[in-house]
Ligand code: ADP
Ligand code: MG
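Residue numbers (this note's numbering): 35 to 331.
Next up, the structure:
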């Protein structure tokens, strides 16, 4: 049955935004998530990192109620994930077809369906909320353009506007920066930054370890199991990263010291992008290097 025929789920404002306990998912008997437990509080912004196939998209599908876990529980504001119109999901870009002839305004208005229902037309308040959502993502000037005519970065911002128009309190953004050029990535990150402090809880899957370290107060490291979850300075250590990336991570000796290079592959058939965790003395590399040094002592 389509989702909007469900009665909206109960919403306990005192419960954590999101709480998973012992969640396991397998596809055809092969584990994609195993015994994943964590909780996030309202307003937390966490990057979810892990190699290709780590279960990041599966995790988001479970939270959005699209995939049912074989074991464990998912609670969004105290109740099961289905029927939560407060969960806004921006799926991985290569998983949605944006060639259909719909305007930017209409895509954002789709976010209102859960609130409007099917029986009435959008009212003044709905239009105002959609206008504000488009403004927040700097896409108001493009409101009457067809979604298919836009660049990847602009489309991504419209999908974010749709989630904002939904008045989502928990946002799941699955690799929103994948395949975008640097200026588009920066524009998107600037928008996320502005949403901080508005009490919207966000999980953002990314394969860019630098971005995770620099842009997000919390980082979740996933590879089928939850390997670590906490502030980047506690989580982005050689030990934890090598548990997550194992064969895909290399420690390279350079004249400046050791560098950790993660060969992560974006979905969508793009080639692996080697990522260096910086070379500045104050950044993570310094910490990673000192840990490598300590380990070698
Ligand atoms: P990530 O987003 O971290 O790349 P996914 O959640 O997409 O990881 O995939 C985790 C594992 O589950 C992979 O091995 C993938 O092939 C598998 N998988 C994901 N979705 C399905 C599905 N619908 N059917 C079968 N296997 C799937
Ligand atoms: Mg994915």
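The beta carbon of each residue, even a glycine, is placed where N, CA and C say it ideally should be.
| Item | Value |
| --- | --- |
| In the structure shown, what three-state DSSP assignment does residue 236 receive? | strand |
| Check each residue's C-beta against every heavy atom of the ligand MG and list, in chain order, those closer than 5 Å. | 90, 91 |
| Is the separation between the beta-carbon of residue 56 and that of residue 112 shorter than 8 Å? | no |
| Can you check the segment 96–172 for any beta strand (DSSP E) of at least 3 residues that lies completely inside it and give the ranges in chain order? | 105–110, 121–124 |
| Let me check understanding here. Comparing Cα to Cα, which of 50, 103, 87 lies closest to residue 69? | 103 |
| Grab me the residues of residue 218's own chain with a C-beta within less than 6 Å of its C-beta, minus the 5 sequence neighbours each way, in chain order. | 187 |
| State the Cα-Cα distance for the pair residue 304 and residue 214, rounded to the nearest angstrom. | The pLDDT assigned to residue 304 is 43, lower than 50, so where the model puts this residue is not dependable; a value taken from the coordinates is nonetheless given after this. For residue 304 and residue 214, the distance between alpha carbons rounds to 12 Å. |
| Provide the residue span of the beta strand (DSSP E) that contains residue 257, from first to last. | 252–257 |
| Output the distance between the C-alpha atoms of residue 331 and residue 272, rounded to the nearest integer angstrom. | Bear in mind that a pLDDT of 35 at residue 331, under 50, signals an unreliable position, so the model cannot answer this. |
| Ignoring anything shorter than 3 residues, give me the beta strand (DSSP E) runs that lie fully in the segment 169–213, in order along the chain. | 204–208 |
| Residue 8 and residue 239 look like a contact to me (Cβ under 8 Å); what is the Cβ gap, rounded to whole Å? | Nothing can be reported for residue 8, as the shown portion of the chain is limited to 35 through 331. |
| Are the beta-carbon atoms of residue 247 and residue 270 separated by less than 8 Å? | yes |
| Give the single residue among 132, 202, 178 whose Cα lies nearest to the Cα of residue 163. | 202 |
| Should the segment 132–146 be regarded as contacting the segment 64–83, the criterion being three or more beta carbon pairs within less than 8 Å? | no |
| For residue 18 and residue 194, what's the separation of their Cα atoms in angstroms? | Residue 18 lies beyond the range of the chain shown here (35 to 331); nothing can be said about it. |
| Taking 8 Å as the limit between beta carbons, can you name the residues of its chain near residue 174, skipping five residues before and five after? | 165, 168 |
| Beta-carbon within less than 6 Å of residue 171's beta-carbon, same chain only, minus the 5 sequence neighbours each way: which residues are those? | 191, 194, 195, 225 |
| Under 7 Å from any heavy atom of the ligand ADP, does the C-beta of residue 62 make it? | yes |
| Given a threshold of 16 other Cβ atoms within 10 Å of its Cβ, counted over all protein chains shown, does residue 89 qualify as buried or as exposed? | buried |
| Please list, in chain order, all residues of the same chain as residue 92 whose beta carbon is under 7 Å from its beta carbon, the five residues on each side excluded. | 59, 66, 67, 101 |
| When burial is assigned at 16 or more other CB atoms within 10 Å of the CB, is residue 266 buried or exposed? | buried |
| Taking 7 Å as the cut-off, is the CB of residue 87 close to at least one heavy atom of the ligand SAM? | Absent from the structure shown: the ligand SAM. Ligands present: the ligand ADP and the ligand MG. |
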